[in-house]
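Trainee:
Below is the structure:
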């Protein structure tokens, strides 16, 4: 039987794992960033290398099995800039960005793990083994492709000065591109030569991915298959979460000029508040068995100051609004 301290540690590990899974599922219901839905799709790849490897080398990662300080010293000695993204910052796009970082650092990481670690463990040994597996790296390359041409430019778009009125055009372009990539005639090589998906302001930087794609390590058929699998599920998520901005949606048509003027003061950065993620984490801990709908409701109630709004209404009007919300909430 495990000791009480060991049992508590096991429960904590399970709790953190469940929190990550619940967090991705919850926020996937919002429309601010479909990348959250793309995130768990990528985590299903064999061995989870795109998550496990960076976790051992970044702040906020695996402090027990990791070797961040050794890695930083190695990078400093060899004048290398580590490209791994910390899990304390962008909490859903990092799995895509770290796929690019794995390819960028695969040779350095392998040399580092084989020659510069004197406290190796099974986790580091498994990472070292994975970095020599062509199949795994070819699947990582598919994630890297998606990061280079979709998720990273999209994240930059979401944090730019582009306003709500301009957003539908970018969503339509993304849907059209992903549909084109899923056709039988599409070839990965064309990704590196076609026009940027979101325009020159958000142009990708494909050097790392292109270098691996042209290397002997890449099994191109496997990378292509994995890339199309990611695109298939991503298209489903995009059409579900951003349906209002697609043709036929509420905001899918042409935006009137007077509305465009009003929306100039509404940048897309309003959609991606990090504070919401922190509150959601807290809600997951306090209400472990709650539904996604309840978590979303509590979060919106808190940040929209709904209680303050209701306090300005008469008791009759307040009851009417609450009953209407109960009846139509899930439908909305």
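Residue numbers (the numbering used here): 162 to 493. Here a beta-carbon is modelled for each residue, glycine too, at the ideal position from N, C-alpha and C.
Between the C-alpha atoms of residue 282 and residue 440, what's the straight-line distance to the nearest angstrom?
Mentor: Distance between the alpha carbons of residue 282 and residue 440 is about 35 Å.
Trainee: Report the CB separation of residue 316 from residue 254 in whole angstroms; it is logged as a contact under 8 Å.
Mentor: 5 Å between Cβ atoms; contact.
Trainee: Pick out the complete beta strand (DSSP E) segments inside the stretch 254-304, 3 residues or longer, and give them in chain order.
Mentor: List check, beta strand (DSSP E) in window: nothing returned.
Trainee: I'd like the list of long-range same chain contacts for residue 342, defined as Cβ closer than 6 Å, with 5 residues on each side in sequence excluded.
Mentor: Around residue 342: 392.
Trainee: Taking a contact to mean a Cβ-Cβ separation below 7 Å, would you say residue 367 touches residue 313 in this structure?
Mentor: Against a cut-off of 7 Å, the Cβ pair of residue 313 and residue 367 comes out as no contact.
Trainee: Note down, in chain order, each residue of its chain lying with its Cβ closer than 6 Å to the Cβ of residue 246, except the 5 sequence neighbours on either side.
Mentor: Closer than 6 Å at the Cβ level, and outside the excluded window around residue 246, lie 255, 258, 259.
Trainee: Determine the extent of the alpha helix (DSSP H) in which residue 388 is found, giving its start and end residues.
Mentor: That run of the alpha helix (DSSP H) goes 381-402.
Trainee: Please report how far the alpha carbon of residue 398 lies from the alpha carbon of residue 384, in whole angstroms.
Mentor: Residue 398 and residue 384: Cα-Cα distance of roughly 21 Å.
Trainee: What residue range does the alpha helix (DSSP H) around residue 368 cover?
Mentor: Unbroken alpha helix (DSSP H) run through residue 368: 368-374.
Trainee: DSSP three-state label for residue 324, please.
Mentor: If DSSP states are grouped into helix, strand and coil, residue 324 belongs with the strands.
Trainee: DSSP state of residue 243, grouped into three classes?
Mentor: The answer is coil: DSSP assigns residue 243 none of H, G, I, E or B.
Trainee: Rank 414, 419, 347 by C-alpha distance to the C-alpha of residue 388 and give the top, closest one.
Mentor: Ranking the options by Cα distance to residue 388, first place goes to 347.
Trainee: Please state whether the Cβ-Cβ distance between residue 302 and residue 217 is less than 7 Å.
Mentor: It is not a contact, given that the beta carbons lie outside the stated cut-off.
Trainee: With DSSP collapsed to three states, give me the class of residue 452.
Mentor: Residue state, collapsed to three classes: coil.
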